[in-house]
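Novice:
Protein chains: 2
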Amino acid sequence: MFSKTCEYAIRAMIFVAHKSKDGTKIGIKEIAKGIDSPEHFIAKILQDLGKKGLIQSLKGPNGGFFFENETLNYSIADVVTAIDGNKLFSGCGLGLKECSTAKPCPIHNEFKKVRDDIFNMLQAAKLTQFTDGLENNLTFLNRK
Amino acid sequence: MFSKTCEYAIRAMIFVAHKSKDGTKIGIKEIAKGIDSPEHFIAKILQDLGKKGLIQSLKGPNGGFFFENETLNYSIADVVTAIDGNKLFSGCGLGLKECSTAKPCPIHNEFKKVRDDIFNMLQAAKLTQFTDGLENNLTFLNRK
DNA sequence: CCAATAAAAGACTTAAAACTCTTTTATTTA
DNA sequence: TAAATAAAAGAGTTTTAAGTCTTTTATTGG
Chain G
1 MFSKTCEYAI RAMIFVAHKS KDGTKIGIKE IAKGIDSPEH FIAKILQDLG KKGLIQSLKG
61 PNGGFFFENE TLNYSIADVV TAIDGNKLFS GCGLGLKECS TAKPCPIHNE FKKVRDDIFN
121 MLQAAKLTQF TDGLENNLTF LNRK
Chain Z
1001 MFSKTCEYAI RAMIFVAHKS KDGTKIGIKE IAKGIDSPEH FIAKILQDLG KKGLIQSLKG
1061 PNGGFFFENE TLNYSIADVV TAIDGNKLFS GCGLGLKECS TAKPCPIHNE FKKVRDDIFN
1121 MLQAAKLTQF TDGLENNLTF LNRK
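Residue numbers (this note's numbering), protein chains in the order written: chain G, 1 to 144; chain Z, 1001 to 1144.
Here it is in structure tokens:
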């Protein structure tokens, strides 16, 4: 469904959203450990998301990654679009360059429905709603 | 959603299903042209599907790929499973090795729903139902 | 049984994704 | 203002997916 890069990105964003609840910044080492990802790899990914304005960071002692309040309103769909583009949401399921209602591939309509469902689901999943849940072991992000 | 290999596989299977309607065999060159894929690449893919029993082939003059009647009852879900495995249908959306109702990732339930929808949709799409539609330009498989 | 045909098989190359390592830059605090 | 800290940047490597090329094997019709 997503690239590995994108999976790491989503996990990291949810992780930081949780930790960033009270405004604290969180370092890349802790993030990497928390989501079980290679440190330098997730660093690159978060740098990229930072440039695109989806997350904030500060260098130096007590630095790290965090969210300004507004950015917590971004959704997982926004993260996916930033990393993997919109192929998942709008591309043809069979990989055809041109595929539309007017000139559909054989499974165009069925695909359109599930693609829309996926988009709506991810669009509804705002980062704010992940500020709870991790600490009380309801959910997990670093299981191997 | 699918690997390119899997996209080619699905397109080829639908294409052959259509051409195989009256029992004729269809050569790899025609398939490659019909679905706009590299000839040797789709050949390998169909060899693989052949070994797994999802499609039949015969060498020599008038040889080619075709379906025995029973194999037309395979679904696109079967093709996807044969090529990409069942990760799409049963894997965790965030790539976690262990993710279940008992120990869910933060978006487990939402993902389970769309994964099930995708599976049901692809399971319902039997190859038999693609034996019409291509010829009268209702659908297309080789658009660039 | 021979020549032509067409898939099977295997070895290979290319391209993209995933991941690593080192150096640089910014920030803080003593 | 110097030392420590932590992200940014850049240049790599490794691995996997995608695609190509050549040789072999099976089948058929003359």
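All C-beta atoms in this analysis are idealised placements derived from N, C-alpha and C, irrespective of residue type, glycine included. Keep in mind the model is a prediction, meaning the values are calculated, not measured.
What residue range is occupied by the uninterrupted beta strand (DSSP E) comprising Z/F1066?
Specialist: Start and end: 1064-1066.
Novice: Tell me whether G/D116 is buried or exposed, calling it buried when 16 or more other Cβ atoms sit within 10 Å of its Cβ.
Specialist: Its Cβ having fewer than 16 others within 10 Å, G/D116 is exposed.
Novice: In three-state terms, what does DSSP make of G/L96?
Specialist: Reduced to three states, the DSSP call for G/L96 is coil.
Novice: How is Z/S1075 classed by DSSP in three states: helix, strand or coil?
Specialist: Strand.
Novice: Could you tell me whether the region 105-115 of chain G touches the region 1117-1134 of chain Z, where touching means 3 or more Cβ pairs closer than 8 Å?
Specialist: Output reads yes: the region 1117-1134 of chain Z touches the region 105-115 of chain G.
Novice: Who are the neighbours of G/A32 on chain Z, taking C-beta pairs under 9 Å?
Specialist: Per Cβ cutoff of 9 Å: no residues; G/A32 is ~15 Å from chain Z at best.
Novice: Is there a Cβ from chain G that is less than 8 Å from the Cβ of Z/V1114?
Specialist: Taking Cβ atoms only, chain G reaches closer than 8 Å to Z/V1114, which makes this a yes.
Novice: Are the C-beta atoms of Z/E1039 and some chain G residue less than 8 Å apart?
Specialist: Not one chain G Cβ lies under 8 Å of Z/E1039.
Novice: So, at 6 Å on beta carbons, what are the nonlocal neighbours of G/L96 in its own chain, with the 5 sequence-adjacent residues on each side left out?
Specialist: Hits under 6 Å: C105.
Novice: Helix, strand or coil: how does DSSP classify G/S3 here?
Specialist: In the structure shown, G/S3 sits in coil (DSSP, three-state: anything other than H, G, I, E or B).
Novice: Cα-Cα, which of G/K51, G/G64, G/N142, G/C92 is closest to Z/E1007?
Specialist: The option with the nearest alpha carbon to Z/E1007 is G/C92.
Novice: So that I know if they touch, is there some Cβ in chain G lying closer than 8 Å to that of Z/K1021?
Specialist: Z/K1021 does not count as touching chain G.
Novice: I'd like to know whether the C-beta of G/I118 is nearer than 8 Å to at least one C-beta of chain Z.
Specialist: Answer yes: the Cβ-Cβ gap between G/I118 and chain Z drops below 8 Å somewhere.
Novice: Is the region 1074-1084 of chain Z touching the region 1044-1055 of chain Z, taking contact as three or more C-beta pairs under 8 Å?
Specialist: A contact exists between the region 1074-1084 of chain Z and the region 1044-1055 of chain Z.
Novice: Would you say G/A125 reaches chain Z, if we count a Cβ-Cβ gap shorter than 8 Å as a contact?
Specialist: Yes, because at least one Cβ of chain Z sits closer than 8 Å to the Cβ of G/A125.
Novice: Let me know the secondary structure DSSP gives Z/S1037 once reduced to three states.
Specialist: Here Z/S1037 sits in coil by DSSP.
Novice: Helix, strand or coil for G/I55, going by three-state DSSP, please let me know.
Specialist: Three-state result, G/I55: coil.
Novice: Kindly indicate if chain Z contains any beta-carbon less than 8 Å away from that of G/L44.
Specialist: Per the sequence presented here, residue 44 of chain G reads as Lys, with Leu not at that position. Answer no: the Cβ-Cβ gap between G/K44 and chain Z never drops below 8 Å.
Novice: Applying the criterion that 16 or more other CB atoms from any shown protein chain within 10 Å of the CB defines a buried residue, is G/H40 buried or exposed?
Specialist: With fewer than 16 Cβ atoms within 10 Å of its Cβ, G/H40 is classed as exposed.
Novice: Use the C-beta contact count for Z/S1075: other C-beta atoms within 10 angstroms, 16 or more gives buried, fewer gives exposed.
Specialist: Buried, by the Cβ-count rule.
Novice: Just mark Z/L1127 as buried or exposed, buried being the case when its beta carbon has 16 or more other beta carbons within 10 Å.
Specialist: Under this definition Z/L1127 is a buried residue.
Novice: So G/I10 contacts chain Z; which residues on that side make the cut at Cβ distance below 7 Å?
Specialist: The contacting residues are L1094.
Novice: Just reading off the alpha helix (DSSP H) that G/L88 is part of, what are its end residues?
Specialist: Run containing G/L88: 87-90, per the alpha helix (DSSP H) assignment.
Novice: Taking C-beta pairs closer than 8 Å, name the residues in chain Z that G/L54 reaches, listed in chain order.
Specialist: Result: empty, since nearest Cβ-Cβ is about 17 Å, beyond 8 Å.
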